[in-house]
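J.: Supplied in structure tokens, the structure appears directly below.
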Amino acid sequence: MRLAATCNYGLSSVLKNEIQKLGFPIVESTERFVRFEGDFRAIATANLRLRTANRVYVEVSSGNAGTFDELFETARKGEWRRVLPVGNPVSVRAVSEKSALDSLPTIQKTVKKAVVDGYAGRPGGILPENPELPEISILALIRDNRALILLDTSGDPLHKRWYRMKTGEAPIKETLAAGLVLLSNWRFSEPFRDPFCGSGTIAIEAAMIAKNVAPGILRSFAFERFPFADEISLEEERQACVKDERREKSHDIVASDSDADMVAMAIENARALGLSDSVVFEIAEFSIERLPKKGTLVTNPPYGERISDSESAKRAHEDLFSAFRALPELSGGIITGLENVEPMAEGLTMKNRKIPNGPIPCRYYFRTSHRG
Ligand SMILES: C[S@@+](CC[C@H](N)C(=O)[O-])C[C@H]1O[C@@H](n2cnc3c(N)ncnc32)[C@H](O)[C@@H]1O
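The numbering of the sequence shown is our numbering, which starts it at 575 and goes up by one.
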């Protein structure tokens, strides 16, 4: 069976790597999604274990979509009766790139009609939809006049891990936080720091990675309602995840923030995952003296856009880049939406990658080696 996982722009190389490590052959990798081969169990594995995926989909159909007739036929031929649960309302989302069909509402309507016809087995058929049941989501992804018709197996997007009970004003998504940590190539034997930790997302994701805690372990998934759910051994896969956790190892992870309320939230969030002992949380202003000479720092400082004023945001960035300059054996990086940061990074061999943080265009300045 063919599956696909979507991700934040800038993270598809990380997602591809994660999928390969799980042992699933890659079919195609683009900026926003990775297609791969897998069996029923792979649906559970991918949903439970992928840290940077936004959602995991089953590919129900694929084919030409140069005209609406072609799109209709491509969507209709999917085995809808086999994959759709009875009674759940079905919604269709559409994305179209470099293709003749560009009206998203018309694409959505065409695919929905094709799914209903395909389900009913005849033109003008009916799909029973009870508005009180949870919605099932289909994604029509059209590129270069070809369509992939994808069934969402995740439900709530996968950044919702169900551990973050509380957040501040500008939390980073869990999937993005995990991606930043994975890109930093943190060696678990060395210290890890987030000195602008807010509600603790980056440090908690780092602890989950080091302890091999599956990101989806606390939550449920849309595929549990699907007709083929019996063939997916979710419970077995959950147990395998728990067995694979590295409980005995301790790591040096410190997350700090100048705001005591944020630190209290971060502590509660770590507790929800049973990771209270894995991260030390501190109330502290950023200072270079508090950083280890060697280790990894990954952080999301204030940009001045949503939290503090731009002067103090600029100072926070200058201090951070100075720290990377003064500590050549410190690796990791800074995700920022602040403009004109480039000069602050001058002379540092840091890569910088476009990675939006929600609606904010951001860049991740990072280095993985211990050279400055
Ligand atoms: C963009 S938020 C971090 C959000 C965090 N990644 C999360 O997921 O919740 C920036 C944080 O920096 C903190 N902060 C601002 N100036 C600081 C300073 N000088 N030292 C330490 N923390 C500071 C703010 O209290 C805020 O929580």
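The beta carbon of each residue, even a glycine, is placed where N, CA and C say it ideally should be.
Between T741 and the rest of its own chain, which residues show a CB-CB distance below 6 Å, the 5 nearest in sequence each way excluded?
T.: Taken in chain order, the residues that qualify are S773.
J.: With DSSP as the reference, label A620 as helix, strand or coil.
T.: Residue state, collapsed to three classes: helix.
J.: Which residue from G869, E748, A780 puts its Cα closest to that of G932?
T.: Residue E748 is the option with its Cα nearest to G932.
J.: Under the criterion of a Cβ to heavy atom distance below 7 Å, does D833 qualify as lining ligand 1?
T.: Within the cutoff, so yes.
J.: In chain order, what residues of the same chain lie with their CB nearer than 8 Å to the CB of P930, ignoring the 5 residues before and after it?
T.: If we look at P930 and ignore the five residues flanking it on each side, its Cβ neighbours are N582, Y583, G584, C936.
J.: Flag this pair as touching only if the region 828-839 and the region 848-858 have three or more C-beta atom pairs under 8 Å; answer yes or no.
T.: Yes, they touch.
J.: Within 10 angstroms of the Cβ of M924, are there 16 or more other Cβ atoms? Answer buried if so, exposed if not.
T.: Answer is buried; the Cβ neighbour count reaches 16.
J.: Kindly indicate which residue of V828, V915, R864, K868 has the alpha-carbon position closest to the one of R889.
T.: Considering only alpha carbons, the answer is V915.
J.: Using alpha carbons as the reference points, say which of S636, P875, V837 lies closest to K651.
T.: Per the Cα distances, S636.
J.: For G911, verify whether its CB is less than 7 Å away from any heavy atom of ligand 1.
T.: Flag unset: Cβ of G911 not near ligand 1.
J.: Within the present structure, is the beta-carbon of S587 separated from the nearest heavy atom of ligand 2 by less than 7 Å?
T.: Absence of ligand 2 is noted for the structure shown, with ligand 1 being the only ligands found.
J.: Leaving out five residues before and five after R941 in sequence, what residues of the same chain have Cβ atoms less than 8 Å from its Cβ?
T.: Result list for R941: F898, S905, G906, G907, L922, T923, M924, K925, in chain order.
J.: Where does the unbroken alpha helix (DSSP H) through L715 begin, and where does it stop?
T.: Careful: L715 lies outside any alpha helix (DSSP H), inside the beta strand (DSSP E) at 710-717.
J.: Under the DSSP definition of a beta bridge, which residues are partnered with A668?
T.: Partner(s): A714.
J.: Within its chain, find whatever has a CB closer than 6 Å to the CB of F766; leave out the 5 residues flanking it on each side and keep chain order.
T.: The answer, listed in chain order, is W760, A780, I827, T870.
J.: Does ligand 1 have even one heavy atom less than 7 Å from the beta-carbon of N874?
T.: True, at least one ligand heavy atom lies under 7 Å from that Cβ.
J.: Do you know offhand how far K683's Cα is from S673's?
T.: Rounded to the nearest angstrom, the two C-alpha atoms are 17 Å apart.
J.: So, helix, strand or coil for K925, using DSSP?
T.: Of the three classes helix, strand and coil, the one that applies to K925 here is strand, per DSSP.
J.: Report, in whole angstroms, the separation of the C-beta atoms of T648 and A721, which I expect to be a contact under 8 Å.
T.: Indeed, because the Cβ distance is near 5 Å, the residues count as touching under 8 Å.
J.: Below 7 Å, is the gap between the Cβ of G907 and the nearest heavy atom of ligand 1?
T.: G907: no, Cβ never under 7 Å from ligand 1.
J.: Just checking F895 against ligand 1 - is the residue's beta carbon closer than 7 Å to any of the ligand's heavy atoms?
T.: Not under cutoff, so the answer is no.
J.: Excluding five sequence neighbours on each side, which residues of the same chain lie with their C-beta closer than 6 Å to the C-beta of R738?
T.: For R738, where only same-chain residues beyond five positions count, the Cβ hits under 6 Å are N843.
J.: Can you tell me which of the three DSSP states G946 falls into?
T.: Note on G946: pLDDT 38, under 50, position unreliable in the model; the coordinate value appears next. Three-state DSSP puts G946 in coil, outside helix and strand.
J.: Would you kindly check if the distance between the Cβ of A714 and the Cβ of V666 is under 8 Å?
T.: Yes, the Cβ-Cβ distance between V666 and A714 is below 8 Å.
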